[in-house]
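Just so you know, the protein sequences line up as chains A and B, in that order. Its first residue numbered 16, the first sequence is counted upward by one per residue in my numbering. Its first residue numbered 151, the second sequence is counted upward by one per residue in my numbering.
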Amino acid sequence: MSSTNNAPPSTAAASKRPKYSKFTQQELPACKPILTPRWVISAFMLISIIFVPIGVAALFASRDVIEIVDRYDSVCVPANETDKVKYIQTPGFKTCNRTLTVPKHMKPPIFVYYQLDNFYQNHRRYVKSRNDQQLRDSKEANSVSGCKPEDYNNNSAIVPCGLIAWSLFNDTYSFSRKNVPLNVSKKDISWKSDREHKFGKDVYPQNFQSGSLIGGAKLDSSIPLSEQEDLVVWMRTAALPTFRKLYGRIEVELQENDVIDVTLGNNYNTYSFNGKKKLVISTTSWLGGKNDFLGIAYLTVGGLCFFLAVMFTIIYLVKPRQLGDPSYLSWNRNPGWH
Amino acid sequence: MMARVRRRDGIEFSKLYSFVCCKVDKWRPEVGGPGFTRVVYCKEPEGSEAMMNNYPNNYVRTTKYTLVTFLPKSLFEQFRRVANFFFLITGTLAWTKFAPYTAVSAAIPLIVVIGAAMIKEGIEDCQRYRQDVEINSRKVQVHVGNGNFVYTKWKNLKVGDVVKIKKDEFFPADLLLLSSCYEDAICYVETMNLDGETNLKLKQGLEVTSEFNSDDSFKQFRAIVRCEDPNAHLYSFVGTLELEGGQYPLSAKQILLRDSKLRNTDYVFGAVIFTGHDTKVVQNSTAPPSKRSSLERKMDRIIYLLFLIVFSMAAIGSIFFGIWTKDDLENGTMKRWYLRPDNSTIYFDPKRAPLAALCHFLTTLMLYGYFIPISLYVSIEIVKVFQSMFINQDIHMYYEDADRPANARTSNLSEELGQVDTILSDKTGTLTCNIMEFVKCSIAGRAYGHGVTEVERAMARRKGPPVQQTKANSYDHLDNSGEAKPVIKGFNFYDERIMNGNWVHEPRPDVIHLFLQLLALCHTAVPDVDENTGKISYETESPDESAFVVAARELGFEFCQRTQTTISVRELDPLSGEKIRRVYQLLNILEFNSTRKRMSVIVRQEDGKLILLSKGADSVMFERLTKKKGWDFEDATKAHVNEYADAGLRTLILAYRELDEEEYKNFNQRFNAAKNAIGADRDDLIEEITETIEKDLVLLGATAVEDKLQNGVPECIDKLAQAGIKIWVITGDKLETAINIGFACRLLRQKMKQIIISLETPDIQEIEKAGDKLDISRASANSVLHQITQGWQMVDVSKENPEEEFALIVDGKSLTYALGADMKDMFLKLALGCSSVICCRSSPKQKALVTRMVKLGTRKTTLAIGDGANDVGMLQEADIGIGISGVEGMQAVMSSDVAIAQFCYLERLLLVHGHWCYRRISTMICYFFYKNIIFGFSLFLYEMNTSFSGQPAYNDWFLSLYNVFFSSLPVIALGVFDQDVSPKICLKYPMLYQEGVQNVLFSWTRILGWMFNGFSSAIMIYFLSTKALEPQAFNAQGHTAGRDILGATMYTSVVWAINLQMAISFSYYNAIQHICIWGTIAFWYFFMVVYGFLNPVRSTTAYKIFIESLAPSPAFWLLTLFVSITTLIPYFTFSAIKAKFFPMYHQWILRQISKEGRLANKENRSRDHGS
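In structure tokens, the structure reads:
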């Protein structure tokens, strides 16, 4: 702040005269925009000019994505089985075969997801039920705070502890095209930072799923956690009760009308809480997966702004303000907010 | 302290908290009568009897806290606020298992907020402490025995110590003046620090102690003082001195008060009577009245509303949570098995679902606590510190002549300045300069003096051709400045007939002689002789008095010396025509006070004749005149007095009476006895006795002094009236004077209809003469009621015609009745129907009563402005008290909220500062609610998708730093800098001020509108984000968006939305505001990066979130852009429509100005083209 003292220096010391500065006199240089119609119309115009192209681009990106979604939770239970929960809880590997048709040419990488529904991975009890120390540090195997009731089994600590790990998704998918198996790569399906920093390279599963109540998948105790990418993906909890998680990647091209046979291991219990299970095979665009919402939203708002701009222009042309009439004043009618 | 609490009983709930109740009542009746128990053993401060009294030491502490009490007391102060208390509870609960977030993250913002407020308190208190130490370690000479005096620190003084004070030293405690370097034990005292008066006051010790005036003489000194208990009355003291078997009365005349200064006297000896906190000045220093603005009171209500919302949301959430939790376990089968409902803690146990829901209620309460803006109070405090700084520093409110800037003494009322509906103003010293000039006099029925007063000029204008009233910048004082100023300050009298000794040739020289003698003798002034020039100036108690002695001097009666018992006057001897010095024996002074309204002296002339000289207000003097037909100019004098009053002058009646020895002796005896009496009724007793001698007076004449209007007062009043502010003038003047002043300052205008309510009607006077008190009051009440009803009918009839304006003028007597319970409402209704109200002849108490009536009756903001001690009640009663730091001392300033030097600064204070402050604070508060509702409600919406389990959408630290880092600075910048229009326009369009008076910017519609904006924005942010992000892949690498990504994206949108919202609500941008807004947004990204690099155990879901996940993904950027713009569109559209169809006044003004500017530009351009 430039402070120029215009009082003579000799008297300034004794005098109580306030020293002049633009700050104290509230005269800092400033711009004072007024909400003029021109401003309003240009703002709306500008928004629509920016939004509409983005919307178009986003929509195109979403349309470019080829996605195959197959719900299998009910069809994979034999029709004669009335109690689905009981069926899924009986031990043993329950296979199920599905056939999918590729609607359009799909370029690799093709991502395989499982989608669960009505599954509250964001429940507070569930989210908190893990121990980050234990996951990244082999010396911290006994840090199981917050993991109850999946903290100890037979008085020794569970690694990885907690409900999240315990309820690891354990359906399996294998794909084949014309009886030629399609390889599903499980490498690099998790975030890099998770693999490298949140899950230790020397932390091995211990005592996992050895209790009376088995939750989800078991882990190979000879592989360090950082390489158990299914677990790593699972442990990054989903935001909403309907969520997809990456299962793997198919690195070959799929042609239009290719028929893909899927052999499912239907093991995971979503039946007790009426959750759906879906298998999703999808490509991605620069914007991610298939979702028209953002593109449509952009187009809608862009269009709306264009409409508003036009409306304001019309109002402005048809009904210019009568100047000099203070009866316009808001408080002469009823007080409103600004 | 007790007294203050008692007075505010029931109003100030908060005061009751502050431990006062533990204090022992000091007014216990004891030996020596209630209130008069103090015994001081002079020279024996450590004697056994003295020790029993246990009086406090002389350390005066003005700090609010001590080192020990600072922490508990200031914490207590902070947590007394409901919102802060709420956060204290949630902060404590955060350490339990209930917490939805980590405890540390919850504590940090609370610590920051409370810490900031406490640091502010601490710094303020530290400054006070430093001052205390400086003052308490000053040195003073104290008697240690055998006539030896040694220096000691002030704080070591004890009651009973004998001290020696030298010239220009401050008194360390309240002292009893024993003796001084003068033989008659007088000394001069400057009381600048007490009451701001710069004149010297004369104090005089008792004759019996005056001989103890050397160090050695104190070897034998022994005395006991019995006196009143400590109290706050600066100008009274009651006590007796026991010395060598005799008892002598003590009065305020012998008391030297702490913080005043010895002047013109080489040294004095005094005995310490009151020390430390018992001293009158400390007793008198009340904390500035703690007032809260109506805006803040409303804000509290909104906070309660928010609490209600929070509690109901928490209740709804808990109920759902309970139901879903219970549902998880049915007959041993688990529904959501992955939550292990079979083996759960109490918080999630389906078997004890109601209990779990109850616990959950606490959890969600903590979570939804984000609805309550934790930093609101501290932000408002910070903003207000700036606002009062702006007021203090405003060069346009600095008064060069007196070297006084404006001074906002309490910062918490600045926005109230923008909402003033009624101004109640004192007249003398507030509208006028309080510099008295002797302009006219009437002696023996003949009027002297040719001067023309300002009021007369105004009257002439009024009667002459109509002048354009609203012509801007036609400042009267500019016209006047051309006139030759009176050479002598306080004297503007010119009349050949009595000047330069010509009065001896007038018809009644004897009366004129007495008249001038009276002017020279009847006063309490002290002459101050300049040693070099021999010129005499006077130190007086009031400017009127100064005008009189100066007039007497100029007319040939030069008052030149005063001792305790004599007054010397150099006067013109009418016989010899020479100047001779006469010495008058001053026998008694019957002092002036506001109930007596007169002052008299009894003097013995050189020829031994005893006379009583008396001057006073006409209301009390005329009734005391002798009924014997002596000199028959009473009617002529009355006519002159009325004439003077018409001319806006202050008049006094002068009269005298010769006394015979017997009568005087009798009187003197009783008078002295009364003065020596100790007790509460002493004053009544004295008054009764003086009444017996001040009667049968013989009229001499009347004086008229002019009190000039201050610069710019009429223009200022005009502006304030244009701003729709009602102005009431409450004055002690006579009806006619008040009306004329009213015209002079444009409070009354020619086209106004005057409604006068007065009891000076013939029939009432008739009844008064009869003298039956009951009759009088009944008749008066009836008459007043009748007049009020009549007035109301007039106002009521003309309601259709808004052009018609009324002015109400009430005199003091009628006011007494009008303020009675039965007539109050009626009177107020009438007064509100009038554009101007003048109450004349009103007492200080009436001033306060009128203020209270207006405040409670209208429920609107009242502002009282005054300069004198008689305005203190009014200033404290009003919502805002403005003190004029003028001539009448600092009493008013001390009890005011804002002090200004001149009335005309009120215009800028209200229309510019008040308007801005109101606008800033109200916008700020609305915005605060908006930003917290966005945040809190987005949390709630997310809750709905977590089966109300209490899982926050955002990372713990994102949560906790929201209020402190990511949303606070821009709103503070708004509070400090925002200006709707420039000061020039504020003053040019005073109607703008009505925004505040009608509370347009803080109406419930506006508040709820902002809240609605918050809710709708939160809904948009939540739904747009979730719909766009889930459940498909979030980037080209096929990763999906988890809780971490959704949270960070939503948070980013919130930060953008609230800051952009701020940006479009600004009507004014300077560099600092830009830095605050864009800096805050930039800081958010910076924070994400830095926080993301912390150990994943610390940063949990935010680990590398920005670098790895968000930044490389176009979806993140497109989504935040989209969401933050979209949330603004409703508000933007709304304000565009509003600006178009229902503009605010300031928008209308700005539009007009810009239009004018464009037209001017166009013209310029076309002219350029033409040339």
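Where is the CB? At the ideal position from N, CA and C, for every residue including glycine.
My output table needs one value for residue i: the three-state DSSP class, helix, strand or coil.
i, result
"B/Tyr-338", "strand"
"B/Tyr-1253", "coil"
"A/His-120", "coil"
"B/Arg-211", "coil"
"B/Tyr-677", "Sequence check: residue 677 of chain B is Pro here, not Tyr. Three-state result, B/Pro-677: strand."
"B/Arg-832", "helix"
"A/Arg-86", "strand"
"B/Leu-737", "strand"
"B/Glu-955", "coil"
"B/Tyr-138", "The displayed coordinates of chain B run from 151 to 1321. Any statement about residue 138 of chain B would go beyond what the structure contains."
"B/Pro-103", "Outside the shown range of chain B (151 to 1321) lies residue 103 of chain B, about which nothing can therefore be said."
"A/Val-277", "strand"
"B/Val-535", "helix"
"B/Ser-927", "helix"
"A/Asn-21", "A caution first: A/Asn-21 carries a pLDDT of 41, below 50, which makes its placement in the model unreliable, though a value can still be read off. Residue state, collapsed to three classes: coil."
"B/Tyr-1092", "helix"
"B/Val-1126", "helix"
"B/Asp-758", "Checking the displayed sequence, the identity of residue 758 of chain B turns out to be Gly instead of Asp. Note: B/Gly-758 maps to coil in three-state DSSP."
So with CB distances below 7 Å, who are the chain B contacts of residue i?
i, result
"A/Tyr-35", "Ile-545"
"A/Asp-141", "Asp is not the amino acid found at residue 141 of chain A; the sequence shown has Tyr there. Tyr-488, Leu-489, listed in chain order."
On the DSSP bridge assignment, give the partners of residue i in chain order.
i, result
"B/Glu-708", "B/Arg-720"
"B/Arg-748", "B/Gly-766"
"B/Met-484", "B/Leu-479"
"B/Ala-871", "DSSP, once it has assigned bridges, lists no residue as partnering B/Ala-871."
Going by the CB atoms, is the gap between residue j and residue i shorter than 8 Å?
i, j, result
"B/Cys-710", "B/Pro-657", "no"
"A/Gly-226", "A/Ala-73", "no"
"B/Ile-1171", "B/Val-1204", "yes"
"B/Thr-1012", "B/Thr-572", "yes"
"B/Lys-876", "B/Ser-985", "yes"
"B/Ile-905", "B/Ala-824", "no"
"B/Cys-337", "B/Lys-353", "yes"
"B/Phe-707", "B/Asn-642", "no"
"B/Ala-702", "B/Met-586", "no"
"A/Val-80", "A/Thr-299", "yes"
Mind listing the chain B neighbours of residue i? Cutoff is C-beta to C-beta under 9 Å, in chain order.
i, result
"A/Val-316", "Phe-1272, Ile-1275, Thr-1276, Ile-1279"
"A/His-212", "Asn-1245, Pro-1246, Tyr-1253, Lys-1254"
Find the residues of chain A that neighbour residue i, judging by a C-beta separation of less than 7 Å, and give them in chain order.
i, result
"B/Gly-1192", "Arg-251, Thr-252, Ala-253, Ala-254"
"B/His-1189", "Trp-206, Leu-261"
What does residue i touch in chain B if you count any residue whose Cβ is under 8 Å from its own?
i, result
"A/His-138", "Arg-486, Leu-489, Thr-1096, Ser-1097, Ser-1099, Gln-1101"
"A/Gln-358", "Residue coverage of chain A in this structure runs from 16 to 353, which leaves residue 358 of chain A outside it and unanswerable."
"A/Asn-284", "Trp-487"
"A/Ser-30", "Asp-553"
"A/Ala-180", "Simply none; closest approach about 11 Å."
Check the Cβ of residue i against every Cβ in chain A and list those closer than 9 Å, keeping chain order.
i, result
"B/Met-539", "Thr-39"
(request) Would you mind listing the alpha helix (DSSP H) stretches within the segment 990-1063 of chain B that are 4+ residues and don't spill past its ends, in chain order? (result) The segment 990-1063 of chain B contains these whole alpha helix (DSSP H) runs: 994-1008, 1022-1027, 1041-1044, 1055-1058.
(request) Can you check the segment 169-255 of chain A for any beta strand (DSSP E) of at least 3 residues that lies completely inside it and give the ranges in chain order? (result) Counting whole runs of 3 or more residues, the segment 169-255 of chain A contains the beta strand (DSSP E) stretches 187-192, 195-197.
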